[in-house]
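What follows is one structure encoded as structure tokens, with my remarks underneath.
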Amino acid sequence: MFTPARYVIVDDNAEELKQLADSLQDIGAPCLPLHYNEVDGINVKHLQGVRLLFLDLHLTTGAQSSDTAYASGVIVDLLERGITDATGPYVVILWTKHQEQKEAFETYVMTNLDASKRPIAILSLDKNDYLAGKAGEKLTEDVGRIIETDPRLRALLDWEREVLRAAGATLVEIGTLVSTGDRVAVRFSERLDEILSLIASEAVGEENAKADPYSAINAALMPILSDRLANQRIHPTSNAIWQAAVTKISGVPHPTLADAAKLNSMLHLAASASEELKPGNWGAVTLLSENGLEDFVAARFDVALKPLLSGTFCMTEKKDRTATKLCVVRVGASCDYAQNRKGPIPFILGAIMPAGAARRDQNLPKAEIVTPPLVIEGFEQPVMIVFNTHLQITLVPGEFEGWKPLCRLREPLLMQVTTHGAQTATRPAIISFRP
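The sequence shown lines up with residues 28 to 462 when you count with the working numbering.
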């Protein structure tokens, strides 16, 4: 129900923990102070949404203050257990009396912590500067200064803030639909229920809204949220923040194939690890089983399997054909999917092949559309998916019920595939003569 804390402090000294927490709150940064003890440690689930993690270097009193490796090991253990794939980029800020150990700590963390869980930077604040009386104002200023030290993190935090602001504005719009007369005790909540129910029913139909009200409301509100995010007035400081963070636009090196594939996948693919994928989901990509594949292809697409890759998909090298897998993608009208319309469901045949696969240079099928390079789980190298929109079939849910989707094409790429298919299927032809 609650948004994970973005600013987290971990310290074994309750007084020093409170001092830093108070300073963060003074600059408007709501933070979560976690008191560490050697018996229970901390609840590491509170680190799952962190952006700025303030850490006392020596969280245990039993070790010598000079034993940086032991102290660093305690922290690495916390990070290994608390940081997840869903955490995103974060910065560690050491809150310590031992500034001279910062470099050794950074080396230890970057060497021993799993690469996917490493912070993008490790900064530090010297506790000795603030332990004298009435140092709160200086600490407040220095915390604000150090947050601004890394412009990339500051920019990402700014973007996250704008998203939250857009989401808040969307909720405000919903709230304004409740009239003044209905803004009393029980009636307020009841009227809000009526409004949400009306929106959900209109978005996907009454039966579908009853089955999955969250998805129904999401379908209605996402366009509003997206529009607000794109068009709301940005904070006066945002432009300067982004100018400082994004500085290599003119001189950025061209991405390698591997880098391009990662970027494309971030933009255009949803993985099964990040969401619940079903074979009937709009854009779901499913590998065709090798068991009975020849009969399936012949019966459903009226083509022979053996020459399919060299013929229809124009592949010229045997090694590339060996590394290629056939798949189908669930397509169809977005409104049909949103309203869970009954009846046969359309799929397009595709081939997942190495991104650098050799193919014929000429006479490629007009019905063909090729994705940019992608990274897909189960394939050792970047791949591309070649869809032939002429090879389209329909299946009823019982025929694909046991399929396990590989990934899902996000809407922009999926719409490119379906639009290409529609244009190809409806292209006009005339009989004509040329002199």
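Built from N, CA and C at the ideal position, the CB exists for glycine as well.
When beta bridges are read from the DSSP output, D38 appears opposite H62. With distances taken between CA atoms, R437 lies nearest to S299 out of S299, E233, E221 and V330. Counting only the Cα atoms, V330 lies some 19 Å from T313.
L422: member of the beta strand (DSSP E) spanning V410 to L422, first to last residue. By DSSP's assignment, R387 forms no beta bridge with any residue. Looking at Q419, G370, E133 and T351, the one whose alpha-carbon comes closest to that of L376 is Q419.
Its chain contains F414, V444 and H447 as the residues whose beta carbon lies nearer than 6 Å to that of I396, once the 5 sequence neighbours on both sides are disregarded; these appear in chain order. Assigned with DSSP and collapsed to three states, L353 falls in strand. Between the segment 111-123 and the segment 76-90, the count of Cβ pairs shorter than 8 Å is three or higher; the stretches touch.
Around the C-beta of N291, 16 or more other C-beta atoms lie within 10 Å, and the residue is accordingly described as buried. Following the DSSP letters along the chain, one finds L79 inside the beta strand (DSSP E) bounded by residues L79 to L82. Here the alpha carbons of I372 and V358 stand approximately 8 Å from one another. If you draw a straight line from the Cα of G115 to the Cα of F328, it comes to about 43 Å. Taking 7 Å as the cut-off, the Cβ atoms of A243 and A227 count as close. Per the DSSP secondary-structure output, P373 pairs in a beta bridge with T421. The distance from the Cβ of D141 to that of E107 is about 6 Å, consistent with a contact at the 8 Å cut-off. Using a C-beta cut-off of 8 Å, the segment 277-285 makes no contact with the segment 212-219, since fewer than three inter-stretch Cβ pairs fall below that distance. In the structure shown, the three-state DSSP call for R255 is helix. Around the beta-carbon of P400, 16 or more other beta-carbon atoms lie within 10 Å, marking it buried. In this structure, the CA atom of P409 is about 24 Å from the CA atom of F374.
The C-beta distance from L433 to G405 rounds to 7 Å, short enough to fall under 8 Å. Considering only E407, G109, Y157 and S277, the residue with the shortest C-alpha distance to K289 is E407. Going by DSSP, V205 is part of no beta strand (DSSP E) at all; its letter is neither H nor E.
Between the C-alpha atoms of Y34 and V71 there is a straight-line separation of about 14 Å. Taking 8 Å as the upper bound for CB-CB distance, Y135 and T87 are not in contact here, some 15 Å apart. For R435, the enclosing beta strand (DSSP E) has its first and last residue at C434 to L436. For the pair E200 and A131, the Cα-to-Cα distance works out to about 51 Å. Here DSSP, grouped into helix, strand and coil, assigns V397 to strand. From the listed residues V356, L204 and S337, the smallest Cα separation to T349 is found for S337.
Counted as a single uninterrupted DSSP element, the stretch harbouring I69 is not any alpha helix (DSSP H), since DSSP gives it neither H nor E. Spanning the alpha carbons of Y97 and L44 requires a straight line of approximately 21 Å.
Within the model, the alpha-carbon separation for A113 versus L152 is close to 27 Å.
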